[in-house]
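Working notes, beginning with the structure itself.
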Amino acid sequence: MSAAVSDIAALIEKSPTSVHAATTVAEELEIIGFEPVDLDTEVCPDGPYYYRDGGTIVAWIQNRAASNLRVVGTHSDSPGFKIRPKPERFGAGLTTLGVEIYGSPLWNSWLDRDLGIAGQVIVQGATAPELRTINIAKPVCKIPQLAVHLDRAVNSNGLKLDPSKDLSPVLIGDSDFIELITTYCDAQPDQILAWDLSLYDLNPPTVFGDPESGYLSSARIDNLVSTFAGLLALRSVDSTGSEFVPMLSVFDHEEVGSGSNRGAAGALLKNLLPRTLPNVNALGSADLSLALSVDCAHATHPSHQGAHEPGHEIVMNQGVALKSNANQRYATSLTGERQLREILENEISLQPYSHPNHIPCGSTIGPVLAQSLAIETVDIGVPQLAMHSIRETCGAKDLADLVKLLELFWKA
Ligand SMILES: [Zn+2]
């Protein structure tokens with residue numbers, strides 16, 4: 128059996144955008160017998176199903192005898208840059224592209240990288256506009272930094288980036304953007320109507336050191352590692368005789384607040400639950416029900432320990448972080464944590480994460496799930512360095528631990 132880190136790295140490489148990530152999940156689910164269903168599916172026999180919409184995918188193992196829900200929530204999107212509707216700008220003999228910032232990427236980490244383009248395009252078909260998913264997996268863009276000779280104070284004063292001019296990628300090799308995407312859409316230029324296309328780093332994931340105890344360096348660790356750890360765990364679930372329905376919910380748009388029809392704050396789960404899981408109701412009163420919101424956590428940066436709460440060091444490869452926050456930026460409730468600890472029976476080490484008072488705390492889908500499902504929720508995740516960098520780092524052992532944790536969570 129290969130190490131979790133190798134499996135997860137291979138799945139991340141196949142998934143440059145949220146839509147590709149949901150496709151990767153769907154393909155892997157179909158291999159193990161999950162069947163796609165629509166939102167209006169009223170009743171289906173017990174078994175594994177999934178519902179998918181763009182970058183969001185929800186998979187569960189239907190069980191009419193069960194009246195509880197064990198849901199793992201993650202997200203498929205990552206911060207970055209999306210190409211504007213009228214992107215081309217010309218100057219100095221080159222074409223640059225206008226981009227919108229999506230979420231909160233660490234801007235500087237995107238400079239001087241070999242970038243591909245991926246996402247979806249609306250193409251005018253013979254009878255109607257059609258949605259096509261594309262992946263231009265070759266170096267076509269680059270965001271060049273100004274040379275140090277032309278910005279002499281950059282190293283002493285620090286890099287300051289103006290998002291209106293310093294983050295525009297140069298289209299390298301191809302001078303016509305529409306022509307470029309036309310090739311990948313199997314269409315003519317006048318058939319291209321619109322797109323949702325993102326830049327991404329072509330550098331493949333790297334495993335540092337031993338696959339059991341080393342590190343993963345990759346784009347989109349936040350939060351594809353949690354998504355694919357959920358997928359790996361779901362593969363080994365045997366829900367025969369289970370009192371709960373195991374569910375993996377992978378949502379798009381977390382990095383921009385989850386407020387969309389496919390986001391965790393949308394009505395998707397509310398609409399899906401009564402139709403497809405008729406016996407799973409009154410979740411708040413069902414004592415075996417629990418939601419795990421799984422998203423990456425901040426490992427303590429060795430050179431910036433003052434950015435972390437004293438006494439709450441989080442170390443990669445020393446356990447999955449359990450995140451709590453008095454202001455409900457993380458949803459962990461004491462009741463939920465008690466339930467989780469009972470399930471885990473001390474088999475997995477947990478590192479308590481607590482955010483310092485002097486920096487506003489980030490959030491994730493945990494509070495959103497807790498609010499919409501009225502269910503006990505716990506926020507957990509693997510520790511990582513450089514969250515929202517184009518190249519993040521996390522521990523290989525933590526990934527294996529997370530898969531094991533999720534297997535225990537779903538064990539009947
Ligand atoms: Zn995240």
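Quick note on the working numbering: the sequence shown kicks off at 128 and runs consecutively.
Every residue, glycine too, gets a C-beta built ideally from N, C-alpha and C.
None of these values were measured; they are calculated from a predicted model.
- Taken through DSSP and simplified to helix, strand or coil, Val509 comes out as coil.
- Counting the other Cβ atoms within 10 Å of the Cβ of Gln247 gives 16 or more, which makes it buried.
- Nearest neighbour of Ser460 by Cα position, chosen from Ile441, Asp506, Pro429, Gln445, turns out to be Asp506.
- Near ligand 1, meaning a beta-carbon closer than 5 Å to one of its heavy atoms, we find Asp349, Asn350, Asp422.
- The region 328-395 is shown to contain whole beta strand (DSSP E) runs of 3 or more residues at 333-335, 342-345, 371-378, in chain order.
- DSSP places Leu415 in the coil class of the three-state scheme, outside both helix and strand.
- Excluding its 5 nearest sequence neighbours in each direction, Leu533 has C-beta neighbours in its own chain below 7 Å: Val199, Ala356, Gly357, Ala360, listed in chain order.
- In the DSSP assignment, Pro256 falls within the beta strand (DSSP E) that extends over 256-269.
- Taking C-beta separations shorter than 8 Å and ignoring five residues to either side along the sequence, the partners of Cys312 in its chain run Val248, Val250, Arg259, Ile261, Gln318, Ile319, following chain order.
- For Phe161, the secondary structure class from DSSP, reduced to helix, strand or coil, is coil.
- Looking at the DSSP output, Asp180 shares a beta bridge with Thr183.
- Contact annotation, Ala136 with Leu395: C-beta distance approximately 29 Å; criterion of less than 8 Å not satisfied.
- Ala424 carries a strand assignment under DSSP once its states are collapsed to helix, strand and coil.
- For Gly252, there is no enclosing alpha helix (DSSP H), as DSSP marks it with neither H nor E.
- Taking a C-beta distance under 8 Å as the contact criterion, Leu496 and Leu535 do not qualify as a contact pair.
- Out of Asp289, His147, Val164, Ala186, the CA that lies nearest to the CA of Val364 is found in Ala186.
- If you draw a 10 Å sphere on the C-beta of Ile228, you find fewer than 16 other C-beta atoms in it, and that means exposed.
- Comparing C-alpha distances from Val509 to each of Phe378, Arg518, Pro479 shows the shortest one belongs to Pro479.
- Comparing alpha carbon positions, the residue from Thr333, Gly522, Thr201, Gln498 closest to His425 is Gly522.
- When rounded, the separation of the alpha-carbon atoms in Pro256 and Gln315 is 13 Å.
- By the neighbour-count criterion, in which 16 or more other beta carbons inside 10 Å mark a residue as buried, Pro296 falls on the buried side.
- Residues Arg240, Ala346, Ile517 of the same chain have their beta carbon placed closer than 6 Å to that of Asp328, with the five preceding and five following residues left out of the count.
- Short of 6 Å from the beta carbon of Trp237, and not among the five residues preceding or following it, lie these beta carbons of its own chain, in chain order: Ile270, Ile517.
- Residues Glu436 of the same chain have their beta carbon placed closer than 6 Å to that of Pro483, with the five preceding and five following residues left out of the count.
- Non-local beta-carbon contacts of Thr168 in its own chain, meaning distances under 7 Å to residues more than five positions away in sequence, involve Arg402, Thr403 in chain order.
- In the DSSP assignment, Gly493 falls within the unbroken alpha helix (DSSP H) covering 493-500.
- Selection Ser416, Gly230, Gln511, Arg468 evaluated against Phe208 yields Gly230 as nearest (Cα-Cα).
- Sorting Pro175, Leu419, Glu157 by C-alpha distance to the C-alpha of Ser451 places Leu419 at the top.
- In this chain, Gln466 is not harboured by any beta strand (DSSP E); it is covered by the alpha helix (DSSP H) spanning 461-471.
- In this model, Gln511 and Glu519 are separated by some 7 Å (Cα to Cα).
- The three-state reading of DSSP puts Ile228 in strand, counting E and B together.
- Counting only the Cα atoms, Lys213 lies some 8 Å from Gly225.
- The Cβ neighbour count for Thr462, taken over all protein chains shown within 10 Å, is under 16; the residue is labelled exposed.
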